[in-house]
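Engineer: I am attaching a structure below and will ask some questions about it afterwards.
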Amino acid sequence: MKERAVLVLEDGTTYHGYAFGHRGKNVGEVVFNTAQTGYQEILTDPSYNGQIVVMTYPHQGNYGVNVFDMESNRPWVRGFVAREFSKYTASPRAQQSLEEFMRETGVIGLEGIDTRALVRKIREGGVMKGVIAHASHFGSPDYRFTLEDLAALREEARKWTDIDGRDMTPEVSTPLPYQFPTFKGQRRVVVMDFGIKHAQMRYMAELGFELIVVPGKTSPAQIMALEPHGLFVSNGPGDPSMPRYAHETLWKLMGLLPTFGICLGHQLLGLAAGGRTFKLKFGHRGANHPVKNLLTGKIEITSQNHGYAVDPDSLKDFKPTHINLNDGTLEGMAHLRYPVFSVQYHPEACPGPHDSIYLFHRFLEEVDAFNGLTGTPVEKQRVGGLGI
Numbered sequence: 026m027k028e029r030a031v032l033v034l035e036d037g038t039t040y041h042g043y044a045f046g047h048r049g050k051n052v053g054e055v056v057f058n059t060a061q062t063g064y065q066e067i068l069t070d071p072s073y074n075g076q077i078v079v080m081t082y083p084h085q086g087n088y089g090v091n092v093f094d095m096e097s098n099r100p101w102v103r104g105f106v107a108r109e110f111s112k113y114t115a116s117p118r119a120q121q122s123l124e125e126f127m128r129e130t131g132v133i134g135l136e137g138i139d140t141r142a143l144v145r146k147i148r149e150g151g152v153m154k155g156v157i158a159h160a161s162h163f164g165s166p167d168y169r170f171t172l173e174d175l176a177a178l179r180e181e182a183r184k185w186t187d188i189d190g191r192d193m194t195p196e197v198s199t200p201l202p203y204q205f206p207t208f209k210g211q212r213r214v215v216v217m218d219f220g221i222k223h224a225q226m227r228y229m230a231e232l233g234f235e236l237i238v239v240p241g242k243t244s245p246a247q248i249m250a251l252e253p254h255g256l257f258v259s260n261g262p263g264d265p266s267m268p269r270y271a272h273e274t275l276w277k278l279m280g281l282l283p284t285f286g287i288c289l290g291h292q293l294l295g296l297a298a299g300g301r302t303f304k305l306k307f308g309h310r311g312a313n314h315p316v317k318n319l320l321t322g323k324i325e326i327t328s329q330n331h332g333y334a335v336d337p338d339s340l341k342d343f344k345p346t347h348i349n350l351n352d353g354t355l356e357g358m359a360h361l362r363y364p365v366f367s368v369q370y371h372p373e374a375c376p377g378p379h380d381s382i383y384l385f386h387r388f389l390e391e392v393d394a395f396n397g398l399t400g401t402p403v404e405k406q407r408v409g410g411l412g413i
């Protein structure tokens with residue numbers, strides 16, 4: 026007999042289903058992801074810290090979990106929801122099932138609900154807070170939730186501190202600097218870690234970068250003391266307007282180093298240059314978002330995970346380079362004078378397509394050109410730090 030479970034939103038809407046993964050109760054911001062695969066990368070992406078993720082694709086877990094697909098050292102989601110989870114695996118790469126992984130790492134799951142109705146509610150009303158509760162948390166697996174239980178869960182969701190207005194990067198950033206395992210190269214890049222994914226560092230290491238990863242609160246003087254050839258600003262969770270120390274650091278470093286920012290890093294660069302950010306109604310999360318490159322006219326299918334966007338009208342020193350074809354929001358920008366550029370999406374594509382992987386090569390070219398290192402010369406016809 027399956028254990029009962031519920032998801033209760035802050036407005037009182039309740040979805041009855043069944044427990045999966047670790048047993049218990051947890052609260053967070055309820056968001057949805059449209060990717061068909063990549064659940065392990067989603068679970069272990071630090072940008073999902075504080076969020077309950079609902080998968081729109083109905084079946085999850087059939088290819089299991091393995092250590093090579095981890096994007097950090099542990100899962101960060103506060104809950105995981107799908108129409109149906111597979112208890113069995115059908116991949117030779119699998120080292121354990123999804124349920125075993127979720128039980129061992131404390132991820133609370135919910136299945137058996139109408140995820141289409143839940144996603145439609147979020148799209149129409151915007152993201153909202155919610156709480157997943159398993160029956161065993163109240164005493165037994167066959168416990169039936171009472172109206173008083175549901176009212177208490179709704180109140181718990183309502184009182185949970187909203188992500189908007191919170192700096193959540195210290196929860197996921199490295200506490201101490203470290204060197205990412207790679208061969209020592211001639212291109213040393215400092216990585217500001219606000220919740221970085223392993224795939225970003227793996228790809229840069231393959232290109233020959235020597236990566237020194239530092240906490241997000243590292244000062245400009247400490248960064249420059251490492252004698253880097255470039256600066257990489259990572260993705261991460263929370264409200265980008267809150268880590269003001271990062272805005273100040275990036276403003277002071279602007280123009281001193283070739284700089285590449287991804288997702289939260291893109292937002293922080295915009296704020297450092299005097300721009301504004303705003304929260305999207307339900308965010309962009311998935312592996313199928315169309316983005317237009319304004320410099321080439323080409324369309325890229327991208328992997329995305331963000332709830333905020335940069336207001337392009339607030340930018341004076343940056344030129345838009347990419348836009349989202351679904352809603353017209355800014356997806357990329359380049360500084361008009363300095364070799365500084367960023368994108369809102371995830372070119373490392375874990376999970377997702379590899380249409381945008383060229384951006385890492387572009388960063389390599391900018392680092393080489395700025396420092397006079399050997400490598401492919403940067404094209405002369407370019408907009409600021411991004412000529413393609």
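Going letter by letter, the sequence shown gives residues 26 to 413 in the numbering used here. Here a beta-carbon is modelled for each residue, glycine too, at the ideal position from N, C-alpha and C.
(1) Could you check what DSSP says for D36 in three-state terms: helix, strand or coil?
(2) Compute the beta-carbon to beta-carbon distance between S161 and E28, rounded to the nearest angstrom, for a pair I have assumed lies under 8 angstroms.
(3) Cα separation between P206 and E66?
(4) Output the distance between the C-alpha atoms of T62 and A30, rounded to the nearest integer angstrom.
(5) What residue range is occupied by the uninterrupted alpha helix (DSSP H) comprising E390?
(6) Just how far apart, CA to CA, sit E96 and E373?
(7) State the start and end residues of the unbroken alpha helix (DSSP H) segment that holds R179.
(8) Taking N58 as the reference, give the member of Q292, P71, V79 with the closest Cα.
(9) Using alpha carbons as the reference points, say which of P240, H347, V216 lies closest to M229.
(10) Provide the residue(s) that pair with E109 in DSSP beta bridges, ordered along the chain.
(11) Among the candidates G332, N349, K304, whose CA atom is the shortest distance from the CA of G322?
(12) Taking the alpha-carbon of K344 as reference, which of H291, H386, N330 has the nearest alpha-carbon?
(13) T186 to I157, Cα distance in whole Å?
(14) Looking at the unbroken beta strand (DSSP E) that takes in F303, where does it start and where does it end?
(15) Please report the residue range of the alpha helix (DSSP H) in which M217 lies.
(16) Let me know if L411 comes out buried or exposed under the rule of 16 or more other beta-carbons within 10 Å of its beta-carbon.
(17) I'd like to check one pair, P265 with P240: are the Cβ atoms closer than 8 angstroms?
(18) Would you identify the three-state DSSP class for N58, choosing helix, strand or coil?
(19) Apart from the five residues on each side of it in sequence, which residues of its chain come closer than 8 angstroms, Cβ to Cβ, to W276?
(20) Give the range of the alpha helix (DSSP H) segment to which E124 is assigned.
(21) Could you tell me how far apart the beta carbons of F24 and L135 are, in whole angstroms, since I believe they sit closer than 8 angstroms?
(22) Could you tell me if K306 is buried or exposed, where buried requires 16 or more neighbouring beta carbons within 10 angstroms of its beta carbon?
(23) How would you label A182, buried or exposed, when you count the other beta carbons within 10 angstroms and need 16 or more for buried?
(24) Just reading off the beta strand (DSSP E) that I287 is part of, what are its end residues?
(25) Measure how close the beta-carbons of H371 and N260 come, nearest whole angstrom, since I'm counting them as under 8 angstroms.
(26) Just curious, the beta strand (DSSP E) that G134 is in, first and last residue?
(27) Could you check the C-alpha separation between A177 and E35 for me, to the nearest Å?
(28) What's the gap between the Cα of V152 and the Cα of G210?
(29) Roughly how many angstroms separate the alpha carbons of T39 and D380, rounded to a whole number?
(30) For a cutoff of 8 angstroms on Cβ pairs, would you count M358 as touching chain D?
(31) Would you mind giving the Cβ-Cβ distance between Y82 and A115, rounded to the nearest angstrom? I have them listed as a contact below 8 angstroms.
(32) Have a look at H41, N98, S111, V392 and flag the residue whose alpha-carbon is nearest the alpha-carbon of T140.
(33) Tell me which same chain residues have a C-beta within less than 7 angstroms of the C-beta of F234, skipping the five on either side of it?
Structural biologist: For this structure:
(1) As a working note, residue 36 is residue 11 in the sequence shown. Coil, per DSSP.
(2) Numbered from 1 along the sequence shown, position 136 holds the residue referred to as residue 161. Numbered from 1 along the sequence shown, position 3 holds the residue referred to as residue 28. In this structure, S161 and E28 form a Cβ contact; the two beta carbons are roughly 6 angstroms apart against a cut-off of 8 angstroms.
(3) Indexing the sequence shown from 1 puts residue 206 at position 181. Indexing the sequence shown from 1 puts residue 66 at position 41. Distance between the alpha carbons of P206 and E66 is about 20 angstroms.
(4) Residue mapping note: residue 62 aligns to position 37 of the sequence shown, counting from 1. Residue mapping note: residue 30 aligns to position 5 of the sequence shown, counting from 1. A direct Cα-to-Cα measurement between T62 and A30 gives close to 24 angstroms.
(5) For the purposes of this step, residue 390 is taken as residue 365 along the sequence shown, with counting starting at 1. First-last of the alpha helix (DSSP H) with E390: 383-396.
(6) Taking the first residue of the sequence shown as position 1, residue 96 is located at position 71. Taking the first residue of the sequence shown as position 1, residue 373 is located at position 348. Distance between the alpha carbons of E96 and E373 is about 11 angstroms.
(7) Residue numbering aside, residue 179 sits at position 154 when the sequence shown is read from its first letter. Note, R179: alpha helix (DSSP H), 172-184.
(8) Sequence index remark: in the sequence shown, residue 58 carries index 33 (1-based). Comparing alpha carbon positions, the residue from Q292, P71, V79 closest to N58 is V79.
(9) Counting from 1 along the sequence shown, the entry for residue 229 is found at position 204. Nearest C-alpha to M229: V216.
(10) Numbered from its first residue, the sequence shown carries residue 109 at position 84. In the DSSP secondary-structure assignment, E109 is bridged to H84.
(11) Walking along the sequence shown from the start, residue 322 turns up at place 297. In terms of Cα proximity to G322, the closest of G332, N349, K304 is N349.
(12) For this step, residue 344 is matched to residue 319 along the sequence shown. Ranking the options by Cα distance to K344, first place goes to H291.
(13) Against the sequence shown, residue 186 aligns to sequence position 161. Against the sequence shown, residue 157 aligns to sequence position 132. Going by the C-alpha atoms only, they are around 16 angstroms apart.
(14) Locating residue 303 in the sequence shown gives position 278, where the first residue counts as 1. Looking at the DSSP string, the run of the beta strand (DSSP E) that includes F303 is 302-318.
(15) To locate residue 217, count along the sequence shown from 1; it is residue 192. Premise fails: M217 lies in the beta strand (DSSP E), 212-218, not in any alpha helix (DSSP H).
(16) Numbered from 1 along the sequence shown, position 386 holds the residue referred to as residue 411. Confidence in L411 is poor, its pLDDT being 44 and thus under 50, which makes the residue's placement unreliable; the coordinate value appears in the next sentence. With 16 or more other Cβ atoms within 10 Å, it is buried.
(17) As a first step, residue 240 must be located in the sequence shown, where it is residue number 215. As a first step, residue 265 must be located in the sequence shown, where it is residue number 240. No, the Cβ-Cβ distance between P240 and P265 is not below 8 angstroms.
(18) Within the sequence shown, numbered from 1, the residue matching residue 58 stands at position 33. In the structure shown, N58 sits in a strand (DSSP, three-state: E or B).
(19) As a working mapping, residue 276 is identified with position 251 in the sequence shown. So the qualifying residues of the chain are A297, A298.
(20) Here residue 124 refers to the residue found at position 99 when the sequence shown is read from its first residue. Taken as a continuous stretch (DSSP letters only), the alpha helix (DSSP H) holding E124 covers 123-130.
(21) Residue 24 is absent from the model: the chain starts at 26 and stops at 413.
(22) Here the question's residue 306 lines up with position 281 in the sequence shown. Label assigned to K306: exposed.
(23) Your numbering for residue 182 matches position 157 in the sequence shown. Counting Cβ neighbours within 10 Å, A182 comes out buried, since at least 16 surround it.
(24) As a working note, residue 287 is residue 262 in the sequence shown. From DSSP, the beta strand (DSSP E) with I287 extends over 284-287.
(25) Along the sequence shown, one-based indexing puts residue 371 at 346. Along the sequence shown, one-based indexing puts residue 260 at 235. 7 angstroms between Cβ atoms; contact.
(26) Numbered from 1 along the sequence shown, position 109 holds the residue referred to as residue 134. For G134, the uninterrupted beta strand (DSSP E) segment begins and ends at 133-136.
(27) Residue 177 sits at position 152 when you count from the first residue of the sequence shown. Residue 35 sits at position 10 when you count from the first residue of the sequence shown. So the alpha carbons of these two residues sit roughly 10 angstroms apart.
(28) Taking the first residue of the sequence shown as position 1, residue 152 is located at position 127. Taking the first residue of the sequence shown as position 1, residue 210 is located at position 185. Rounded to whole angstroms, V152 to G210 spans 44 angstroms at the Cα level.
(29) The residue you call residue 39 lines up with position 14 of the sequence shown. The residue you call residue 380 lines up with position 355 of the sequence shown. Each residue's Cα considered, the two are about 39 angstroms apart.
(30) Absence of chain D from the displayed structure is noted, only one protein chain being present.
(31) Numbered from 1 along the sequence shown, position 57 holds the residue referred to as residue 82. Numbered from 1 along the sequence shown, position 90 holds the residue referred to as residue 115. Wrong, their Cβ atoms sit about 16 angstroms apart, outside the cutoff.
(32) One-based indexing of the sequence shown puts residue 140 at position 115. Considering only alpha carbons, the answer is H41.
(33) Locating residue 234 in the sequence shown gives position 209, counting from the first residue. Close CB contacts of F234 within its chain, under the 7 angstroms cut and outside five residues either way in sequence, are with G210, R212, V214 (chain order).
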